[in-house]
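Trainee:
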Amino acid sequence: MELVVAIGIGVLTGSGVWLLLRPRTFQVIIGLALLSYAANLFIFSTGGLRSGAAAILEPGEAGTLARYTDPLPQALVLTAIVIGFATTALLLVVLLAARGLTGTDHVDGRERER
Amino acid sequence: MGHLLIAPIVVPMLAGAAMVLAGDRGRRLTVLLGLCSTVTLVVLSVVLLRLADAPVVGVYRLGDWPSLFGIVLVLDRLSALMLALAAVLGFSAFVFSLARWHRAGTHFHPLFQFQLMGLNGAFLTGDLFNLFVFFEVMLAASYGMALHGSGVARVRAGLHYIVINLVASLLFLVGVSAVYGIAGTLNMADLAARMRDVAVEDRALLETGLAVLGIAFLVKAAMWPLGFWLPATYAAASTPAAAILSILSKVGIYAVLRVWLLLFGGEAGASAGFGGAWLLAGGLFTIAFGSIAVLATQNLPRLAGASVLVSSGTLLAAIGAGQVAVTGGALFYLASSVLAIGAFFLLIELVERGREVGADVLAVTREAFGSGEEEDELQEHDEVGVAIPGTVALLGMSFMTCALLLAGLPPLSGFLAKFAILAPLLGSGEPAVPAATWALMAALILSGLATVVAMLRVGIDVFWASPAGRVPRIGLVEIAPVALLLMLCGALTLGAGPAMDYMQAAARALHAPTDYLHGVLTAPVAARGGGG
Chain A
642 MELVVAIGIG VLTGSGVWLL LRPRTFQVII GLALLSYAAN LFIFSTGGLR SGAAAILEPG
702 EAGTLARYTD PLPQALVLTA IVIGFATTAL LLVVLLAARG LTGTDHVDGR ERER
Chain B
7 MGHLLIAPIV VPMLAGAAMV LAGDRGRRLT VLLGLCSTVT LVVLSVVLLR LADAPVVGVY
67 RLGDWPSLFG IVLVLDRLSA LMLALAAVLG FSAFVFSLAR WHRAGTHFHP LFQFQLMGLN
127 GAFLTGDLFN LFVFFEVMLA ASYGMALHGS GVARVRAGLH YIVINLVASL LFLVGVSAVY
187 GIAGTLNMAD LAARMRDVAV EDRALLETGL AVLGIAFLVK AAMWPLGFWL PATYAAASTP
247 AAAILSILSK VGIYAVLRVW LLLFGGEAGA SAGFGGAWLL AGGLFTIAFG SIAVLATQNL
307 PRLAGASVLV SSGTLLAAIG AGQVAVTGGA LFYLASSVLA IGAFFLLIEL VERGREVGAD
367 VLAVTREAFG SGEEEDELQE HDEVGVAIPG TVALLGMSFM TCALLLAGLP PLSGFLAKFA
427 ILAPLLGSGE PAVPAATWAL MAALILSGLA TVVAMLRVGI DVFWASPAGR VPRIGLVEIA
487 PVALLLMLCG ALTLGAGPAM DYMQAAARAL HAPTDYLHGV LTAPVAARGG GG
């Protein structure tokens, strides 16, 4: 379980960083989205990972606090998702504005001379 | 102090929300709301500044939850100082924008208020994740502010600014969650109390998490090599936006001061002083890079951006030195440089208004190659002693004051601030002064020299050797904020004694945060209401 999540985060981060360094704005925004997925997964995993556990109560057992996974990272990740979503949407608008104003989708607003 | 503590967050939030509702039709109402809000913030910050100058730390528990479970707002001397700086700068930039900039695009005023809300929240919060949230409020508003007025240059610079800050925010999240995963708390005071007891095998991971967090702060503070975005963005932003953005880099400095000194102070056990050498070295490199940028720039807005770099570098290096008295001097420098750079950003537009487009580049070319026209010019203007118009004289005086403040020359507060940083470094009682100290001294003095050279060059060019001496038309609402900021610097110079006492007390509280920990972590003593 840990290994799968760790590899998943690693792959998302790697692809995100690679895309972030590309010259096209669309690649940059997809890279940012992948990076934010990686960050969100990372936050989520700090609460501890358990597979096959019941959501709140085990059948036939008294509920104890020790059986819960830590709910705080889940609250954090929710906040992070909302904020990340909003700022990415904002960036998308700026990308479109830049495309319209400069006539190119290069991140520097002009193509390299060949 | 009761609910007064949350007022710096609530006031701009309500004002901004009301402005959004009023829309662009109610512009008069919007301006009135903004004026009320910014004036209220200035008054509030002065009241809080007086309240904070006491050994007891003000703590506000949201929802009256105990501080280990809920979010706390904490007011100590440092946060009160930052609140006051933000309020004064916000008021000045707001008044300045009324001349014409607030009509250059939609939603300027609400964005401005949310910007202030984010700043105040970041200064007040005592919780790491809440700090992230206020960072995002501040940044989201600053994206709008940086783009205000639109245009190719702003959109291009804004694109880079937004992408870099989004990445920094992700690093912030990763750092925060790593810290939470190890320490199990996000309350800064609680975290500081737990630092000593972190298990040996977990310590490296915790330090890694905090270092990642630090990178997010240092991107905001524009430490070399994380600060290449800063001059371009600040130079492209509209004038009032640039003035308010200039304090955003100080938020990064504030976060470093707060978190680093709290967590890696003497109480931290094996982690004490972690990363101090990096801060010092990074600060020195930032000063060097900023000084080179100051010398190399050919236009005024970029010069201002470069001087933000120099001031960031100075602060980081001084903090990294890790001595109480030096930190006190750094706080004085912080106050002086925020006011001076804010005034400089506002002044630039007024100065530029009387000049032709591209005059700076022409001037540098003329210096380098000579134009051969000088003798003709002399013959044309052979009347001796042309009176300088009053407006230009006023601008020139303000410019000179800015130059003195930024370069740290006597007699103004910039000099006192640099002196306050350097004097304790030399007089620390050790017989041999370490090499890093010499490097810091050299960097501070040389960066001052670079600033003087650059400002002199530009100043001579703008005010004395200007080819076409058009007198700029300047309204009172535009020059008044500049004058206010510069007069505050003057007041800081005259009242240097009490101000320095305040800064030193703030620095002592930062380096030995027992009052902070005690104030936040003790249970609320106030009797709860009868209803249960």
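Protein chains in written order, with the working numbering: chain A, 642 to 755; chain B, 7 to 538.
Cβ coordinates follow ideal geometry from the N, Cα and C atoms, glycine included.
In this text, all values refer to a predicted model and were calculated from it rather than measured experimentally.
(1) Would you call Gln715(A) buried or exposed, if buried means 16 or more other Cβ atoms sit within 10 Å of its Cβ?
(2) Please state whether the Cβ-Cβ distance between Leu74(B) and Asp196(B) is less than 8 Å.
(3) Quick one, which of Ile480(B), Arg514(B) and Thr520(B) has its alpha-carbon nearest Val398(B)'s?
(4) Is the beta carbon of Gly282(B) closer than 8 Å to that of Ala513(B)?
(5) So, with DSSP's three-state summary, where would you put Gly132(B)?
(6) Just verifying my parser: in three-state terms, what is the DSSP assignment at Leu662(A)?
(7) Using a 10 Å radius around the Cβ and a threshold of 16 neighbouring Cβ atoms, would you call Leu733(A) buried or exposed?
(8) Classify Trp659(A) as buried or exposed, calling it buried when 16 or more other Cβ atoms lie within 10 Å of its own Cβ.
(9) Below 6 Å CB to CB, which residues in the same chain sit around Phe291(B) once its five sequence neighbours on both sides are set aside?
(10) Determine the burial state of Gly190(B): buried for a count of at least 16 other Cβ atoms within 10 Å of its Cβ, exposed for fewer.
(11) Indicate whether Leu113(B) and Gly150(B) have their beta-carbon atoms separated by less than 8 Å.
(12) CB-CB under 6 Å to Gly289(B), same chain, minus the five flanking residues each way: which ones, in chain order?
(13) I'd like to know whether the C-beta of Glu383(B) is nearer than 8 Å to at least one C-beta of chain A.
(14) Would you be able to state if there are at least three C-beta pairs under 8 Å between the segment 411-430 of chain B and the segment 342-356 of chain B?
(15) Do Ser255(B) and Leu286(B) count as a contact pair if the criterion is CB distance below 8 Å?
(16) For Met194(B), count the other beta carbons within 10 Å of its own beta carbon; 16 or more makes it buried, fewer makes it exposed. Which is it?
(17) Could one say the Cβ of Arg67(B) lies closer than 8 Å to chain A's Cβ atoms, at least one of them?
(18) In chain order, what residues of the same chain lie with their CB nearer than 7 Å to the CB of Leu428(B), ignoring the 5 residues before and after it?
(19) Is Arg34(B) helix, strand or coil by DSSP?
(20) Can you say whether Met201(B) is buried or exposed, counting buried as having 16 or more other CB atoms within 10 angstroms of its CB?
(21) Exposed or buried, what is Leu432(B) when buried is set at 16 or more other beta-carbons lying within 10 Å of its beta-carbon?
(22) Leu644(A) and Gly657(A) - do their beta-carbons sit closer together than 8 Å?
(23) Closer than 8 Å, CB to CB, is Arg162(B) near chain A or not?
(24) Using DSSP with H/G/I as helix, E/B as strand and the rest coil, what is Tyr709(A)?
(25) From Leu690(A) to Asp711(A), what distance separates their C-alpha atoms?
(26) Using the beta-carbon count (16 or more within 10 Å), is Gly22(B) buried or exposed?
Mentor: Let me spell this out:
(1) exposed
(2) yes
(3) The residue with the shortest Cα to Cα distance from Val398(B) is Ile480(B).
(4) no
(5) coil
(6) In this structure, Leu662(A) counts as coil in the three-state DSSP scheme.
(7) Label assigned to Leu733(A): exposed.
(8) exposed
(9) Trp230
(10) With fewer than 16 other Cβ atoms inside 10 Å of its own Cβ, Gly190(B) counts as exposed.
(11) Note that residue 113(B) corresponds to His in the displayed sequence, not to Leu. Yes. Within cutoff.
(12) Gly319, Leu322, Ala323 and Gly326
(13) With a pLDDT of only 48 at Glu383(B), under the threshold of 50, the placement of this residue in the model should not be trusted; the figure read from the coordinates follows. Chain A contact via Cβ: absent.
(14) yes
(15) no
(16) buried
(17) no
(18) Met447 and Leu450
(19) helix
(20) buried
(21) exposed
(22) no
(23) yes
(24) coil
(25) 10 Å
(26) Answer is buried; the Cβ neighbour count reaches 16.
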